[in-house]
Amino acid sequence: MPSIEQSTMAPYLGDNVDQEIETMCQSLQNSYALSPSDLFYKLESYRLELAGKSDISTVPVTKELLDDLRQKFQAQLERKQMKQRAASGANTQHGSSPAPGVTPAKRKFTASTTTLTPLKSSPLSEKNGTFATRTDAGKVLETLNGEIEIQLADVTSEKAKITAFMHIKKYQYRTMRQVLLEASEYLDERIERFADLVQEQLAEEIRKSDKPDEVLVTAVERLSNPAAITHDDVIVVGRIVSDSVHAADLSKVNETSVLLETSRRIGSGARVPLKLSLEPHTQGNHQGWFSLFPGQIVALRGCNPSGTTFIVREVLALPELPFAVSPLRTLHQTASLPTRMIIAKGPFSTHDDLAFAPLTELIDQSISAQADVVILLGPFIDTTHPLLVDPDALPYAGLNTLEDLFRASITAELRRLEAALPTVQTFLIPESGEREAVQRHVSFPCPPVGDAKKALGMPKRSKWLSNPAFVAVNSSVLAIANIDVLMQISKVEYLHRAGTNDIFERNILARAVKNLLQQRSLYPVFPGQPDIPLEVSYLGLAEMSVARPDILIVPSEQRYFAKVVDNVVAINPGALTKLRAAGTYAVVDIAPLQEAKNAIAASEETENELMFHKVWERCRVDIKKI
């Protein structure tokens, strides 16, 4: 083992490195047999992973960062040990074998005879009580609109009015039956829809202009084919693609690898290389910067004098979605009362335990806060949990299936929540992918958990929603996508910087949310990430086609946040658990809409008057430590 003099990190972190940081680095080296150079490379890799597209300097080396790195090392070590134990025990005989030719009877779960008695704590929980010994539980880490005073209505009243905007039957398609023709038709129709929107926007600009631009007039009549030879500027609409033939994680675009794919009608689906030769102060709303990623629909102004490369002079701003509105009569009935929501993203158990202590704490906080709505985002039973391979690690006796574990842990907590708050409404949204044990439909978009609902014993006021989901809570429209689209955009995005102090140029998360709103989709990236099977033909179910939502819930492995982007409240609650440590959740308070609260419907005409929801002005969000 290297000595302290040999283990110093000063050559890597600088001579002015804090002594406490140096001590923690030495502890990591001693615990995991790492040399200073090995630790430095792992530390830099972890910082790059957290920074995403931002500069690595935005992720300084702190005590908290080293604690997270230690947890990551420990989790990797435990997974390795679990695999070794599973491999060594695969051929080990437990108990007596049945007689030859006799098939052992399958154990069944019987609710009336099986007692779910908690057993001893999980074997790994004794080594590290990170969650149990936390000292900052309930700490507010970030607040949006902190000046809004929190008001609670009568807890006994039925105050949360829920309206769903999904056609559930459309989500219940059969997987592994994707037809390439249908997928290509959807991709082509998406370009055509944006082309129509761009033409309508240009026509509106011409009507408002005293001297309309000749290029705009031509574009309103007919958008041009970017593959055709043009010496004068024209306007084109298409999809950004990369010249890479690999998966989406390798399809990052840059100035030299970006292509524009046309629709069949305009350009026969041709792909044309783009050359970014932008004029100063002409990039979309004069903001000076823009971002590109595979799957993005863009409107460009430029020319193709050679017939081989389209020279981009300007990136046009796409038409924005209108704000959500409701009749004054409806808002007077629903938006005149305060609303409190609790939003949490799984996993709901730490990696060293399957007792679901974080979920129990979350339910306690929901009861204490008198929540009107609780939104839980999967995974609920994480198939990658290291203790699921060890039957002795299960916290209850008599569990034969993962559904039994769900019923014994999660369903029990939901029943306790409803017993304490008779008017609360809970929504569960499964995660798309292989991690969600209770969802048999792994593709995105995915339907609610249907056939397993009875087996899971869900209480009356707990409902499964599709992924993605569009619902209105007291007239506040929520769009929810339980898929890490923010991380995916940050991996493949190319940012053209202009050196401005614009928040969207500096903040990758705000920029990703803005891209979702501009693209009118909760998953605009194409191709998608390799670990999530996309049903391209049904991606229209993830589109925001009518109006922008009031609240956009986009859970991600990126840092938790609550921001107002284009008058939309965007929330990433973070994960409730992080390996063996406590995570975060979001508390959302929506104050009453005073215009609706004070309105007096003098006539039927006044009652039917449409009014903006203005949730961004009356919504407070607190990101809290569980």
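In this text, residue positions in the sequence shown follow UniProt numbering: the first is 1, and each later residue adds one. Think of the CB as a built atom: it goes at the ideal place given N, C-alpha and C, for glycine as much as any other residue.
Cα-Cα separation, residue i to residue j
i, j, result
"P100", "L402", "In this predicted model, P100 has a pLDDT of only 39, less than 50, meaning its place in the structure is not dependable; the value taken from the coordinates is given anyway. Approximately 30 Å between the Cα atoms of the pair."
"V492", "L43", "23 Å"
"M176", "T383", "21 Å"
"T426", "I266", "47 Å"
"E595", "N572", "29 Å"
"R618", "V568", "12 Å"
"G540", "S466", "14 Å"
"S537", "F612", "33 Å"
"N482", "R174", "20 Å"
"Y186", "L337", "41 Å"
"A357", "V179", "44 Å"
"G528", "A75", "28 Å"
"I623", "G574", "9 Å"
"I508", "N16", "30 Å"
"S462", "R415", "9 Å"
"E205", "K139", "50 Å"
"residue 681", "F406", "Nothing can be reported for residue 681, as the shown portion of the chain is limited to 1 through 626."
"F65", "E22", "Position check: residue 65 holds Leu in this sequence, whereas Phe was assumed. Looking at the two C-alpha atoms, the distance is approximately 13 Å."
"F444", "R548", "21 Å"
"I363", "Y585", "12 Å"
"K159", "P530", "42 Å"
"F73", "L516", "34 Å"
"T130", "M166", "40 Å"
"T218", "L318", "18 Å"
"G302", "E214", "14 Å"
"A510", "Y396", "43 Å"
"L260", "Q296", "10 Å"
"V504", "F290", "It is Phe, not Val, that sits at residue 504 in the sequence shown. Roughly 9 Å between the two C-alpha positions."
"V554", "L292", "20 Å"
Residue i classed as buried or exposed, judged by whether at least 16 other C-beta atoms fall within 10 angstroms
i, result
"R580", "buried"
"K563", "buried"
"T577", "buried"
"H351", "buried"
"V312", "buried"
"T339", "buried"
"F194", "buried"
"Y41", "exposed"
"residue 628", "Past the edges of the chain, shown from 1 to 626, lies residue 628, and the structure says nothing about it."
"residue 670", "Residue 670 lies beyond the residue range present for the chain, which begins at 1 and ends at 626; the question has no answer from this structure."
"L181", "exposed"
"G14", "exposed"
"P422", "exposed"
"P391", "exposed"
Proximity to residue i [Cα-Cα], best of the options
i, options, result
"N474", "S326, K460, R440", "S326"
"E142", "A344, Y560, L13, Y538", "Y560"
"V471", "R313, Q518, D353, I551", "I551"
"K625", "M458, V217, K614, K345", "K345"
"E147", "H167, S521, I590", "I590"
"T309", "Y171, A132, A542, N225", "N225"
"H441", "Y171, E413, S27, A137", "Y171"
Residue i, enclosing beta strand (DSSP E) - first and last residue
i, result
"A472", "469-473"
"T584", "584-590"
"T230", "230-242"
"E261", "258-261"
"A357", "Note, A357: premise wrong, no beta strand (DSSP E); alpha helix (DSSP H) at 357-369."
"P11", "First-last for P11: 10-13, but that is the alpha helix (DSSP H), not the beta strand (DSSP E)."
"S184", "Counting along the chain, S184 falls outside any beta strand (DSSP E), though it belongs to the alpha helix (DSSP H) covering 180-208."
"R313", "310-316"
Integer Cβ distance of residue i from residue j, believed to fall under 8 Å
i, j, result
"R264", "D188", "5 Å"
"K514", "V449", "About 32 Å separates the two Cβ atoms, so there is no contact after all."
"N304", "I229", "6 Å"
"F323", "F348", "Not really, about 35 Å apart at Cβ, beyond 8 Å."
"M544", "L321", "6 Å"
"A299", "V198", "5 Å"
"V236", "L216", "At roughly 13 Å, the Cβ-Cβ gap does not stay under 8 Å, so V236 and L216 are not in contact."
"A369", "V615", "Contact doesn't hold; Cβ gap of about 19 Å is too wide."
Extent of the continuous alpha helix (DSSP H) to which residue i belongs
i, result
"N515", "508-519"
"E434", "Careful: E434 lies outside any alpha helix (DSSP H) and carries neither H nor E."
"F406", "402-406"
"W616", "615-618"
"I342", "Premise fails: I342 lies in the beta strand (DSSP E), 339-345, not in any alpha helix (DSSP H)."
"K42", "36-51"
"E22", "19-32"
"H332", "328-334"
Cutoff 8 Å: residue i Cβ touching any chain D Cβ
i, result
"D352", "Absence of chain D from the displayed structure is noted, only one protein chain being present."
Any non-hydrogen atom of the ligand PLP closer than 7 Å to residue i Cβ
i, result
"S37", "Among the components modelled here there is no ligand, and therefore nothing to report on the ligand PLP."
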